[in-house]
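Presented below is the structure to which this report refers.
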Amino acid sequence: MWCPVDAVIAEDQPAIEWMDLHGIDFREPFFNETLARVESEKRARVVTAFDALLQFEKMCDGLSPSGFILHSSRCGSTVVANACRAVKNSVVIAEAPAIDKLITRFFTDGPSGSAKELLYKLLLRATVTALGQRFKGDECHYFVKLACTSTQQIHRLRSIWPDVPFVFLYRNPVETIVSNLRSIPEWMRAEVNPAAAAAIVGVNQAQLTSLSAEEYCARSLGRFFAAVDANFDSRMRLLNYEQLSFESLIEILNFFGIEPTVDEADAVRKVSRLYSKDSTNTQVFEDDSSQKRSAASRETYLAAERWAEESYDRLKALELSC
Amino acid sequence: MPVVPIKDVVYTDFQSTGGILVDLKTKQYYQLNETGSLIWRGLEKGHTVDDIALEMSTIYEVTREHAKKSVETLLSNLEMRKLVSRA
Chain A
778 MWCPVDAVIA EDQPAIEWMD LHGIDFREPF FNETLARVES EKRARVVTAF
828 DALLQFEKMC DGLSPSGFIL HSSRCGSTVV ANACRAVKNS VVIAEAPAID
878 KLITRFFTDG PSGSAKELLY KLLLRATVTA LGQRFKGDEC HYFVKLACTS
928 TQQIHRLRSI WPDVPFVFLY RNPVETIVSN LRSIPEWMRA EVNPAAAAAI
978 VGVNQAQLTS LSAEEYCARS LGRFFAAVDA NFDSRMRLLN YEQLSFESLI
1028 EILNFFGIEP TVDEADAVRK VSRLYSKDST NTQVFEDDSS QKRSAASRET
1078 YLAAERWAEE SYDRLKALEL SC
Chain B
25 MPVVPIKDVV YTDFQSTGGI LVDLKTKQYY QLNETGSLIW RGLEKGHTVD
75 DIALEMSTIY EVTREHAKKS VETLLSNLEM RKLVSRA
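Residue numbers (the working numbering), protein chains in the order written: chain A, 778 to 1099; chain B, 25 to 111.
Here it is as structure tokens:
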């Protein structure tokens, strides 16, 4: 069962790396963690030209997405993904590199209305379809969690899947910045892809080097929030970190069209009490909001206030009006 | 003479509003608009130019002659790029 696991460059050409994922259980919080677990199995891999995706889509009997999970980073989206995982016969693909790398191409290489933009949309649709296979044979629900930076491409995502429900998780910007500064994620490392980084942050490449980490993060958060605000519709739900609970997780599942059984609801309740990124499922969740706020530097507060608070407040108001 | 898509060309539709043709040999890709997509799908089904022109004239409320001219124009363009052939 071939699946696209990465978008790569082979012989100077964009290419797709495929891996045989037959029988795999995506139980880890992130796609790459699952791949790391099965690394020792030495599953077959192959690299093809990108257009193989389009051919594969035509013959692949993949699941249609039941819901997409977008987020502003370090805000509880993994808990939501884990709640989706608690539903029997579900497959949850969380931050798969092939998907997020294709979405990143929109920042630098897919001008609005261009043939390339349409090509990337079709490749993205094909990638999502190819990852939504029945790996164990009985899956019927398919959830896709994207990288936080993909939020800025929400208008394109909505145009590809206009009828699929999307949920956006977000959190107080000061708390989010503190969390990201403690452990800098790849999306905040501008040197990985300076052109995309500049587009995400909303500056030119020359300006990138002069930004503090606080400003980099705050500007990005502000743009994530603004993108959601500008594209909000009835097929979207907002969920603030402060509202995360067993009840809100069930509501999100309902929004995705799932009515959990008693057993599944019990599993969701367990998920809501655990630290989401602990794959051993033993570490209890503790709300660290006040601790993060008190640990925040003055620069963090100033950056959050200047670049993110206004759009954050707009989202909160939007949430209340729904 | 019937016109048929070259077998190394893959068409992918985007919500019936257009699509992309990829020539697997050259790796060139081409964007088709809504009517171009309708014409391509007609070719895939083995329809003749007249069949496609009739369908176009029904959907877009244009004369059959006007539709046929549009179909022929696109087919010449596709033929020049070696995406279709006269069977």
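Beta carbons are placed, not taken as given, at the ideal position from N, Cα and C, and that holds for glycine. Here the structure is a predicted model, which is why all the values come from computation and not from measurement.
Please state the DSSP three-state secondary structure of Lys922 of chain A.
strand
Going along chain B in order, which residues have a C-beta closer than 7 Å to the C-beta of Asp877 of chain A?
Neighbours of Asp877 of chain A on chain B: none; closest Cβ ~21 Å, over 7 Å.
Would you identify the three-state DSSP class for Leu946 of chain A, choosing helix, strand or coil?
strand
Among A:Phe883, A:Ile876, A:Ala924, A:Ser927, the one whose alpha carbon lies nearest that of Ala907 of chain A
A:Ile876
Looking only at C-alpha atoms, which of A:Arg1046, A:Val824, A:Glu991 sits nearest to Met796 of chain A?
A:Val824
Can you have a look at Tyr947 of chain A and say buried or exposed, based on whether 16 or more other CB atoms are within 10 angstroms of its CB?
buried
Ser109 of chain B lies in the beta strand (DSSP E); which residues open and close that run?
108 to 110
Under 8 Å between the Cβ atoms of Val33 of chain B and Asp47 of chain B?
yes
C-beta contact flag for Ser1088 of chain A and Ala976 of chain A at 8 Å
no
Can you check the segment 1011 to 1044 of chain A for any alpha helix (DSSP H) of at least 4 residues that lies completely inside it and give the ranges in chain order?
1023 to 1032
With distances taken Cα to Cα, identify the nearest neighbour of Val857 of chain A among A:Ser989, A:Lys1047, A:Gly890.
A:Lys1047
Considering only C-alpha positions, which residue in the set B:Leu107, B:Arg105, B:Glu79, B:Val73 is nearest to Val95 of chain B?
B:Val73
Taking the alpha carbon of Ser841 of chain A as the point to measure from, which residue in A:Ser927, A:Ala903, A:Lys898, A:Glu816 has its own alpha carbon closest?
A:Ala903
Buried or exposed for Gln930 of chain A, going by 16 or more other Cβ atoms inside 10 Å?
buried
Does Gln832 of chain A come within less than 8 Å of chain B when only Cβ atoms are used?
yes
Return the residue from the list A:Ile793, A:Phe1001, A:Ala990, A:Asn957 that minimises the CA-CA distance to Leu900 of chain A.
A:Ile793
What did DSSP end up calling Cys780 of chain A once you bin it into helix, strand or coil?
strand
Is the shortest distance between the beta-carbon of Leu1133 of chain A and the beta-carbons of chain B less than 8 Å?
Outside the shown range of chain A, which is 778 to 1099, sits residue 1133 of chain A, and nothing can be said about it.
CB-CB length for Trp770 of chain A against Arg996 of chain A, believed under 8 Å:
Outside the modelled stretch of chain A, which goes from 778 to 1099, sits residue 770 of chain A, for which no answer is possible.
Using a beta-carbon distance cut-off of less than 8 Å, what residues from the segment 40 to 68 of chain B approach chain A?
Gly42, Gly43, Ile44, Val46, Leu48, Lys51, Tyr53, Tyr54, Gln55
So, is Tyr919 of chain A buried or exposed, given that buried needs 16 or more other C-beta atoms within 10 angstroms?
buried
Consult DSSP for Ser960 of chain A and reduce its assignment to one of helix, strand or coil.
coil
Are the CB atoms of Phe1033 of chain A and Gly909 of chain A within a distance shorter than 8 Å?
no
Give the interface partners of Ala826 of chain A over in chain B, defined as CB-CB distance under 9 Å, in chain order.
Leu48, Lys51
Using 8 Å for Cβ pairs, my map puts Ala1127 of chain A next to Tyr53 of chain B. What's the rounded Cβ distance?
This structure cannot settle anything about residue 1127 of chain A, because the visible part of chain A is limited to 778 through 1099.
Beta-carbon proximity check, Ile30 of chain B vs Ser100 of chain B, cutoff 8 Å:
no
Closest by C-alpha distance to Pro971 of chain A, when choosing among A:Ala983, A:Thr953, A:Pro962, A:Leu923
A:Ala983
Just tell me which of A:Trp779, A:Glu992, A:Val1005, A:Val969 has its CA closest to the CA of Asp838 of chain A.
A:Trp779
Going by beta carbon distance, what residues of the same chain come within less than 6 Å of Arg820 of chain A, once the five residues before and after it are set aside?
Met796, Asp797
What are the boundary residues of the alpha helix (DSSP H) that includes Trp64 of chain B?
58 to 68
Through-space distance from Phe38 of chain B to Leu78 of chain B, alpha-carbon basis:
23 Å
If we count the other Cβ atoms within 10 Å of its Cβ and call it buried at 16 or more, is Arg1050 of chain A buried or exposed?
exposed
For chain A, find out if any of its Cβ atoms is closer than 8 Å to the Cβ of Val86 of chain B; answer yes or no.
no
Report the residues of the segment 876 to 896 of chain A with a CB closer than 7 Å to any CB of chain B, ordered along the chain.
Ala892, Leu895, Leu896
To the nearest angstrom, how far is the alpha carbon of Thr928 of chain A from that of Arg862 of chain A?
22 Å
Applying the criterion that 16 or more other CB atoms from any shown protein chain within 10 Å of the CB defines a buried residue, is Asn1031 of chain A buried or exposed?
exposed
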